[in-house]
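First comes the structure, then the notes that go with it.
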Amino acid sequence: MERPRHQGMAKNTYMRWRLPLVCLLWEVAMIVLFGVFVRFGPEADAHWEEEKQEMNLTSDIENDFYFRYPSFQDVHVMIFVGFGFLMTFLKRYGFGAVGFNFLLAAFGIQWALLMQGWFHSFKSGKILIGVENLINADFCVGSVCIAFGAILGKTSPIQLLVMTLFQVTLFSVNEYILLNLLHVKDAGGSMTIHTFGAYFGLTVTRILYRPNLEQSKDKQGSVYHSDLFAMIGTLYLWMYWPSFNSAISDHGDAQHRAAINTYCSLAACVLTTMAFSSMLQKKGKLDMVHIQNATLAGGVAVGTSAEMMLTPYGSLIVGFISGIVSTVGYVYLTPFLESKLHIQDTCGIHNLHAMPGLIGGIVGAITAAAATEDVYGKEGFIKAFDFTGTYQTRTPSVQGGFQAAGIVVSLLMAFTGGALVGAILKLPVWGDAAAENCFEDDVYWEVPEDEEGDAYHMHNPDKPASP
Amino acid sequence: MERPRHQGMAKNTYMRWRLPLVCLLWEVAMIVLFGVFVRFGPEADAHWEEEKQEMNLTSDIENDFYFRYPSFQDVHVMIFVGFGFLMTFLKRYGFGAVGFNFLLAAFGIQWALLMQGWFHSFKSGKILIGVENLINADFCVGSVCIAFGAILGKTSPIQLLVMTLFQVTLFSVNEYILLNLLHVKDAGGSMTIHTFGAYFGLTVTRILYRPNLEQSKDKQGSVYHSDLFAMIGTLYLWMYWPSFNSAISDHGDAQHRAAINTYCSLAACVLTTMAFSSMLQKKGKLDMVHIQNATLAGGVAVGTSAEMMLTPYGSLIVGFISGIVSTVGYVYLTPFLESKLHIQDTCGIHNLHAMPGLIGGIVGAITAAAATEDVYGKEGFIKAFDFTGTYQTRTPSVQGGFQAAGIVVSLLMAFTGGALVGAILKLPVWGDAAAENCFEDDVYWEVPEDEEGDAYHMHNPDKPASP
Amino acid sequence: MERPRHQGMAKNTYMRWRLPLVCLLWEVAMIVLFGVFVRFGPEADAHWEEEKQEMNLTSDIENDFYFRYPSFQDVHVMIFVGFGFLMTFLKRYGFGAVGFNFLLAAFGIQWALLMQGWFHSFKSGKILIGVENLINADFCVGSVCIAFGAILGKTSPIQLLVMTLFQVTLFSVNEYILLNLLHVKDAGGSMTIHTFGAYFGLTVTRILYRPNLEQSKDKQGSVYHSDLFAMIGTLYLWMYWPSFNSAISDHGDAQHRAAINTYCSLAACVLTTMAFSSMLQKKGKLDMVHIQNATLAGGVAVGTSAEMMLTPYGSLIVGFISGIVSTVGYVYLTPFLESKLHIQDTCGIHNLHAMPGLIGGIVGAITAAAATEDVYGKEGFIKAFDFTGTYQTRTPSVQGGFQAAGIVVSLLMAFTGGALVGAILKLPVWGDAAAENCFEDDVYWEVPEDEEGDAYHMHNPDKPASP
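Line by line, the protein sequences give chains U, F and A.
Residues in the first sequence are numbered from 1 upward in steps of one, following the UniProt record's numbering.
Residues in the second sequence are numbered from 1 upward in steps of one, following the UniProt record's numbering.
Residues in the third sequence are numbered from 1 upward in steps of one, following the UniProt record's numbering.
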C-alpha cells in the first residue's frame, strides 16, 4: 500500500531541509527589512496624542482603526478560513488546503506589507503602517490564494512560497500601475485581485501541465463531510464579501454603499447559481461544486463598482449574470480548458475569479463612464473618483477608458508574470509530487494512521486495508 | 440499492425545470421591483457629503454604518452559518440543511428589503435602504429559517421558496402591525421573529403531516461528526446573539445594554440546559440535541426586553427558566406533539423558538409595564419607549398591555398564515420526496459516490455496499 | 463491547444528580449575587442621556460600546469556538471538548463578572458593568480554557466546574495584585492569562497524574476529520488574536498598535513553526499538532508588549522565537514532562501557553524598561504606562522591574493555586472516569449509536462491530 507512494518519492518530495531553510531564511529577511523600513503610522504610534491636537481631532474614535478594523477582521477571516476551507473539498487534501494556505498567506502578508508599503506608504525612508495596510496586505495575499486554487494538490509547499514571493511582487507593481499611474478605482479588486490572481494562476498551472494527472483521479473528488467543510469556507466568503468590497473605500457613504451593493449582488447570484446548477444536470440535481463556488461570483463581479453608485438593482443584475456565467463555466468551460488547452484548474478559479473578475472590471468601467454630478452630487462626484489635483479635469468617460485599460494591464501582467513564475516552478528542485500522488496529504503531512487505512480501504474497496 | 429512491421518484422529485424556472423568474421580478423602488438611503448615497453639512455632522463616523455594521455582520453569520450549520446534525441531510438555508435566505432577504421597505422606508415613491434595512431583512429571513427547522428534510427546495415568499410577506405585515400600529417594542424579535416564525412553521408542518415518516427513521439521527458540524451553528448563534438583540436598538446605551442582557441570559441558559439534559436521562448522560438547541433559548427569551432595563440578574433569571423549559420540551413535549397532535418538528423549534419566544414576549410586556422614570431617567424613559408624538401620553402599564397584544397578534398571524401556506404547499406539484426518502440529500443533490456507498453500508451493516 | 466501560463505571461516572445539582445551585447563587451586586455601568444604563450631557459628549458614538464591541465579539469567538474546537482534535472526545468548554466558560464568565467586578468596578456597593467587563470576563475564562487543555479527556464536568470556580477566583486575585498593586501592564494577558492559566493547569494535571493512562492510548490520537475540526479552532484563535491583545487597550493608538504588533508576530510564528515541524521529523513531514498549536505562540508572546512601542520588526522577532520554542517543546519537552515529571498535558499547553507566556512577560518587561519619551512622545509616554497619580515618578526601568515581578507572582499563584485545586479535584467524589475510559465521549455523552459502532469497529479492526 505504501509502495506507490515510495515510487512517488522517486520525485523526491523530501522537505526536511529545503522547507525549513526557505521558511527560516525568508523570515529572517522579513525581520531585517522590517527593521530597516517598517514603522507605525501616525494613528498607531504613541505620538498620536500630539498628532490628534495637530489635526484638531476631538475624539479617539476618529482614529482610522475604528473605521476599518471590523472590516479588516472580516477580510482576515476570508483569507484564512474562507479560502482555506473552501479548498478542503478534496477528500484527501484537507491538511494541504488549510495548512498550505495558512503558510503562504502568513508569509505573503509580510512581504505585501513591504512591497505595497514601498509603493504607497513610504515617507522619509520609512514605511508607515496602519490598519489599512493590513487590509491591503490581506487583499494582495487573496490574489495568491486564488492562484493557489488552480494548482491545489499538485505543488509542494516550497513551490507555493516561491510563487507567493513573485506573485506578491507582481501584484504590487500591477496595483501601483492601476491605482497610481492610471488612477483607476478598484476598491474590491475585481481587476487587481481577481482578474490578475486568476489569470496568473491559470498561466502557472498551464505551464505546470501534468499529462498523467488522471492517475490520481480517484482523489480529485470530495466525500460527504469534506463538502461540508468546504461550505464553511464558502459561507464565510459569501457573508463577509460586503466587508471585503468596502474595507478600503472612503469613510462614510462609500463604505456604506459598497457593502449594500455587494450584499445585493451576492444574493441574486445564489439564485441563478442554483437555477443553472439544476438545469445543467440531467437529473436536475444540485451540484455542490457550483454552490460552493459560483454563489461567490457576484462578490467578485461588483468588486470595482461596489463603491460607485451602481445602485441596488444594478447590483442584482450583475449578480444575476455572474452566477450564470460562473455555473456554465464549471459545466462546460472547465472540461474544455483541461482537454483542449491543457489548463488543469483544480478549483475552477476560471469560473469563480477570472470571468467574474473581467465582468467586474467591465462593469466598473461602465459605471464610472456613466457617472454624473447629478447622481453623485457635486462634492460626492469629486470624492468618489478622487478627481482632484492632476485629475481635476478628468471626465467620467475618460475615467471609464482608464478603467478598461486597467483590465488590459492586469491581464498582461498576469500572463507574463504567470509564464515567468510557471517556468521557475517547473525547475525540478522544488519537491513536487508525482502525478499519482497528487491531491494526497500523505506526501507532505503526518496523517493519522487509523483513519488513513480506513479511508484508503473505504475508497478502494477492492484493496485490503491491513498490510 | 437505488431502487427505493426511484420508487420515491414516483412522487416526481425531478427539479430540472421547475426549480430553475422559479429561481430565475423570481430573481427577474426582484430586479424589476428593485429597479422601480429601491435606492440608496441618504447615508449610503454619494450625496452624503451635502447631507452631512445639512445635518451639521462633523465626522464620517456619525454615519449609521459605523454604529451597526459590525452587528450586521454578526447577524449575517447567524442566519447563514448559524441556522445553516445548526441543521446539519442529520447524518444524511447536511447539503440540504446548509444549501437550502442558503437558497431561501438569499431570496428572502431581497423580498424582505422590498416588503419591509414599503412599510418602513418608503419616501416619495422610493425605498431608501441603509445598513439597518440589511439587518431587518436578515431578521425577517431568520423567521423563515426557524420555520424551515420544523419541516427540515421533508420538503423540496421549491416548497421552501414558496414558503419564503409568503412568510416574508406575512412577517412584514405582522411586524408593521406590532411596531407601527401597536407601537410595540421588539428589537430582538421575540414576538415578530421567534413566536411568529416558530408557530408559523409548526402550523405548516402540521398540515404537511406525513403518517409514514417512520419509514425514514434511520436517517433522522445524527452521526458523530454531523453533531460537531451542528455545534458550529450552535456556537455562532450563541456567541453572536448579543449582536442580534442589540443590532437595531437605539444608538448608545440601548445597544450596549441589549448586548449585556443577552450575554447574561445566554450564560445562565447553558447551565440549566446541561443540568436538565443530564437529569432527564436515565444514565445521566448529556444529550447533544439539548446542548445544540436549548442553550440558545436564553437569547430568544430576552429578545423583547434586552434593550430595556431588564438588569443583568433579571437576564440571568430569564435564561435560567428558558433553558429548563426548552430542555424539558425536547424530552417530553416534542414526542407528545408528534404522537398526539401530529406535529412533526424535525429540529424541535417548538422548544427553541416557540416557547422561549412566548416567554420573551411576556417578559417584555412585564418589563415595559414595570418601567419607571426613576429607573430610566426622564429622558431615557421617553427615548427607550419612544413615548413621543402620538404616544406622548402612553403609560408603562398601557405599553405592557400593547406588548401583550403583540404576542396575540403574532400568534394569530402565525396560525392563519401557516394554515394558508401549509395548504398551498400540500398541492402535489412542488416535488417533495416520498416518506422513505425524507432526510436524504440524494434526492435533490449530487452526492459523492464513494462516501454514499460507505455511509449506506456503515449505517446498514446488514446490507451490502456493492450493487 | 460495553463491558470495559461498565468496569469504568465502577469509578461511578454517573452524573445524573451530581451535575444537575451543581449547575442549578451555582446558577441560583449567581442570580442572587447578581441581584445584590451587579448593575449596568453608566454607558449601558438608560440614564446615559443625562450622563452624556454631564460628560459633554456630543455623540452616541463616544459610548465605549463602539470602541470595544467588535473586539469583544472576536474574543468571544476565541473562547467558545477557538478553544472549543481547538480541542476537538481527539478522535472520540469532540463532544467533551466543545461541550465542556461551553459549560465551564458559560459558568466562568458569570463568576468572573462578579470577582473582577468586586476588584475593579465596585462603586457604592454595586458592580457597574459595561462591555469592558464582558471582555475581561472572557479573558479570565480564557485562562480556565487553557488549564482545561492540560486535563482534557481525563476529568468529569463537575471537576471542571469546581476548577473553574477556584481558578476564576485565583485569577482575579492575581490580576488585582499585578494590575493594581504592582501597576503592571498586561493588556493581552501574557502573564495573567497565559502564564498563570498554563502553570495552574499543569500543576493540576500533575497532581491528578494517572499512571495507567496508556490504557486509553488508542484514543489519544486524532482522525483525519477531527484534525480539520481542530483547524477551525486554530484559525479563529490566530485570526482574532489581534483583537484579543487590543481589546482592552486604551482608545486610539494603543488599540491600533496592539493589533498591528500581534498581526506581525503571528505571521512570523507560522513560518518558524512550519520550518521546525518539518525539520524535527525524520521524514520531513509537517505535523498537524504543531500547526494547530505552535502557530499561535506568537500571539501569546506579545500579549504584554503588543500595546507598547514594540514595533513591527520587534513583533516579528518575538513571533519568530516563540514559534521555534513552542514546536521544539512539542517534540522534546512534552514527552519528557510526561515520562520524567509525570505531567500529562493532553493539548501541550506547556508549549502553547506556558513558555510563550513567560516569553511574553519577559518581552513586556524589557519593552517597558526600554521605553523613552522620545519614542512615545511626552504625553504618549505617560498615557501608555499610566504614569499618573501615585505612579507619576515611576521610571521605565522600575516599571520593567515590576513587570518582571508580575511574572514571578503569577507563577507562584499558579503553582500554589494549582496544587490546592488539584488536591481538591483528587477527592474521589467528582465522578471522573477510569484510565481506560479517558478521552471517550461515551462516558458523559449520549453518542450516536451507528457511528459509535462503526468508529469502534474502524479503529479496532480486530474486534467485531456487532454485539
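Using N, Cα and C, we set each Cβ at its ideal position, and we do this for glycine too.
Where I127 of chain A is concerned, the enclosing beta strand (DSSP E) starts and stops at 126 to 129. Within the model, the alpha-carbon separation for W238 of chain F versus L134 of chain F is close to 21 angstroms. Check the Cα spacing between G108 of chain A and each of A:R92, A:F139, A:M274, A:G153: the tightest is with A:F139. Taking a C-beta cut-off of 9 angstroms against chain A, none of the residues of the stretch 250 to 263 of chain U qualify.
L128 of chain F counts as buried, since at least 16 other C-beta atoms from the protein chains shown sit within 10 angstroms of its C-beta. Under the Cβ criterion (8 angstroms, minimum of three pairs), the stretch 250 to 265 of chain F does not count as touching the stretch 83 to 101 of chain F. Put simply, the stretch 153 to 163 of chain A touches the stretch 427 to 442 of chain A. At least three CB pairs are less than 8 angstroms apart.
DSSP places L286 of chain F in the strand class (E or B) of the three-state scheme.
Not one beta carbon of chain F lies nearer than 9 angstroms to the beta carbon of C269 of chain A. Between I349 of chain F and V162 of chain F, the C-beta gap is not smaller than 9 angstroms, which leaves the two residues out of contact.
With its beta carbon at least 9 angstroms from every one in chain F, H76 of chain U lies outside the interface. Contact note: Q167 of chain U does not reach chain F at a C-beta cutoff of 9 angstroms; the least C-beta distance is about 29 angstroms. Where F40 of chain F is concerned, there is no enclosing alpha helix (DSSP H), although the beta strand (DSSP E) around it starts and stops at 38 to 40.
Rounded to the nearest angstrom, the gap between the Cα atoms of V168 of chain U and L427 of chain U is 20 angstroms. Within the DSSP bridge table, the entry for F122 of chain F names F:I127 as partners. The C-alpha of M413 of chain A lies about 29 angstroms from the C-alpha of V289 of chain A. In the structure shown, W430 of chain F adopts coil according to DSSP, grouped into three states. Under a 10 Å Cβ-count criterion, G357 of chain A is classified as buried, with 16 or more other Cβ atoms of the shown protein chains found around its own Cβ. For the pair T205 of chain F and F196 of chain F, the Cα-to-Cα distance works out to about 14 angstroms. Approximately 5 angstroms separates the beta-carbon atoms of H342 of chain U and Y209 of chain U; this is inside 8 angstroms, confirming the contact. For P396 of chain A, no Cβ of chain U is located within less than 9 angstroms of the residue's own Cβ. Counting other Cβ atoms within 10 Å of its Cβ, L337 of chain U reaches 16 or more and is therefore classed as buried. Look at G284 of chain F: its C-beta is under 9 angstroms from a C-beta on chain A.
Taking 9 angstroms as the cut-off, the beta carbon of S315 of chain A is found no closer than this to the beta carbon of G303 of chain A. In this structure, T390 of chain F keeps its C-beta atom at 9 angstroms or more from the C-beta atom of I321 of chain F.
For K11 of chain U, the nearest beta carbon of chain F is not closer than 9 angstroms to its own beta carbon. K340 of chain F counts as exposed, since fewer than 16 other C-beta atoms from the protein chains shown sit within 10 angstroms of its C-beta. When C-beta distances to chain F are compared with 8 angstroms, the residues of the stretch 379 to 390 of chain U below that value are E379, G380, F381, K383, A384, in chain order. Secondary structure in the stretch 301 to 380 of chain U: the alpha helix (DSSP H) runs of 4 residues or longer, each lying completely within the stretch, are 312 to 328, 334 to 341, 355 to 369, 373 to 376 in chain order.
When the Cα atoms are used, G221 of chain A and F89 of chain A turn out to be separated by approximately 8 angstroms.
With a minimum length of 3 residues, there is no unbroken run of beta strand (DSSP E) contained wholly in the stretch 234 to 300 of chain U. Interface residue (Cβ-Cβ distance to chain A less than 9 angstroms): W430 of chain F is not classified as such. A direct Cα-to-Cα measurement between Y332 of chain F and K52 of chain F gives close to 57 angstroms. Using a Cβ-Cβ cut-off of 9 angstroms, Q403 of chain U does not count as an interface residue toward chain F, since no Cβ of chain F sits closer than that to its own.
The Cβ atoms of A365 of chain U and I407 of chain U sit closer than 9 angstroms to each other. For I359 of chain A, the closest of A:F387, A:V325, A:C347, A:L420 by C-alpha to C-alpha distance is A:V325.
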